[in-house]
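Colleague: Quick note on numbering: UniProt numbering labels position 127 of the sequence shown as 127, and the sequence is numbered without any gaps.
Quick one: this structure, given as structure tokens, is what I'll be asking you about.
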Amino acid sequence: MDKDLELVKKAQGGDKEAVVTIVEKYRCVVTQKARPFYYIGGDQEDLIQEGMIALLGAIWDYREDRGTSFKTFAGLCVENRIKSVVTKAKRPKHSPMGDTVSLYSPISEDDPDTTLLDLVASTAALDPDEELVTREAVEHFSQVAKSELSELEKQVLYFYLKGASHQEISDKIGRSKKAVDNAIQRIRKKSKNFNKTP
Numbered sequence: 001m002d003k004d005l006e007l008v009k010k011a012q013g014g015d016k017e018a019v020v021t022i023v024e025k026y027r028c029v030v031t032q033k034a035r036p037f038y039y040i041g042g043d044q045e046d047l048i049q050e051g052m053i054a055l056l057g058a059i060w061d062y063r064e065d066r067g068t069s070f071k072t073f074a075g076l077c078v079e080n081r082i083k084s085v086v087t088k089a090k091r092p093k094h095s096p097m098g099d100t101v102s103l104y105s106p107i108s109e110d111d112p113d114t115t116l117l118d119l120v121a122s123t124a125a126l127d128p129d130e131e132l133v134t135r136e137a138v139e140h141f142s143q144v145a146k147s148e149l150s151e152l153e154k155q156v157l158y159f160y161l162k163g164a165s166h167q168e169i170s171d172k173i174g175r176s177k178k179a180v181d182n183a184i185q186r187i188r189k190k191s192k193n194f195n196k197t198p
């Protein structure tokens with residue numbers, strides 16, 4: 001069995017060490033994917049963080065029967081995520097999606113402690129195969145780091161990945177907007193700590 005496939009199957013079965021091994025192995029791939037892009041209002045570390053989260057999503061979403069190697073699938077997920085963030089950051093403020101800010105930036109001067117986890121996967125300008133992969137990743141991404149996230153955080157992440165605003169998430173899950181804001185901050189912190197080199 002292919003080494004990557006073996007690791008992915010272990011990771012999907014709940015083996016955290018396998019997840020860590022994959023993350024460490026592909027860290028350089030994420031860095032390489034992020035290097036060519038300039039993120040307005042952010043920096044390379046923001047893009048790398050986005051890429052690492054997309055890599056985690058690829059681990060849980062990968063299916064051997066799709067006929068694509070994990071390396072190819074993961075690379076596509078990471079690249080699509082990074083391109084999505086960069087594209088959204090370039091949009092003017094009057095654009096419908098123009099409210100995107102840096103991963104670590106406060107959403108407003110009145111609420112400096114609340115940051116956005118800009119993980120929404122855009123399917124614009126993708127060819128059909130890439131769009132399918134991205135849509136599938138979004139649909140299944142609620143399973144990412146399932147052992148690390150609380151039930152509330154899983155709910156928030158699921159809807160946020162599908163493009164819902166903080167207020168829309170609040171309405172959908174019946175929790176306050178502040179609770180949603182705080183959950184997104186915790187998700188970002190957990191994913192950042194998870195991706196640190198042991």
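All residues carry an ideal CB built from backbone N, CA and C; glycine is no exception.
Remember, it's a predicted structure, so these values are computed and weren't measured experimentally.
Given that a residue counts as buried once 16 or more other Cβ atoms are within 10 Å of its Cβ, and exposed if not, what is residue 84?
Modeller: Taking the first residue of the sequence shown as position 1, residue 84 is located at position 84. Burial call: buried.
Colleague: Just to confirm my understanding: we take residue 152, look at its own chain, exclude 5 residues before and 5 after, and list those with CB closer than 6 Å. What are they?
Modeller: Translated into the one-based positions of the sequence shown, residue 152 becomes position 152. Its chain contains 183 as the residues whose beta carbon lies nearer than 6 Å to that of residue 152, once the 5 sequence neighbours on both sides are disregarded; these appear in chain order.
Colleague: With contact counted as at least three CB pairs below 8 Å, one residue from each stretch, are the stretch 4 to 22 and the stretch 47 to 66 in contact?
Modeller: yes
Colleague: Would you give the residue range spanned by the alpha helix (DSSP H) that residue 216 belongs to?
Modeller: Since the first residue of the chain shown is 1 and the last is 198, residue 216 is not available in this structure.
Colleague: Using beta-carbon positions only, say whether residue 28 and residue 57 come within less than 9 Å of one another.
Modeller: The residue given as residue 28 occupies position 28 in the sequence shown. The residue given as residue 57 occupies position 57 in the sequence shown. No. Outside cutoff.
Colleague: Around the C-beta of residue 197, are 16 or more other C-beta atoms found within 10 angstroms, so that it is buried, or is it exposed?
Modeller: The residue given as residue 197 occupies position 197 in the sequence shown. Only weak support exists for where residue 197 lies, its pLDDT of 40 falling under 50; the value from the coordinates is given anyway. Counting Cβ neighbours within 10 Å, residue 197 comes out exposed, since fewer than 16 surround it.
Colleague: Evaluate residue 178 with the Cβ neighbour count: other Cβ atoms within 10 Å of its Cβ, from every protein chain shown; 16 or more gives buried, anything less gives exposed.
Modeller: Numbered from its first residue, the sequence shown carries residue 178 at position 178. Looking at its Cβ environment, which holds fewer than 16 other Cβ atoms inside 10 Å, residue 178 is exposed.
Colleague: So, is residue 15 buried or exposed, given that buried needs 16 or more other C-beta atoms within 10 angstroms?
Modeller: Position 15 of the sequence shown, counting from 1, holds the residue named residue 15. Exposed: under 16 other Cβ atoms inside 10 Å.
Colleague: Tell me whether residue 217 sits in a helix, a strand or coil according to DSSP, three-state version.
Modeller: Nothing can be reported for residue 217, as the shown portion of the chain is limited to 1 through 198.
Colleague: Since I believe residue 34 is in contact with residue 53 (beta carbons under 8 Å), could you give me their beta-carbon distance rounded to a whole number of angstroms?
Modeller: Indexing the sequence shown from 1 puts residue 53 at position 53. Indexing the sequence shown from 1 puts residue 34 at position 34. Contact annotation, residue 53 with residue 34: C-beta distance approximately 12 Å; criterion of less than 8 Å not satisfied.
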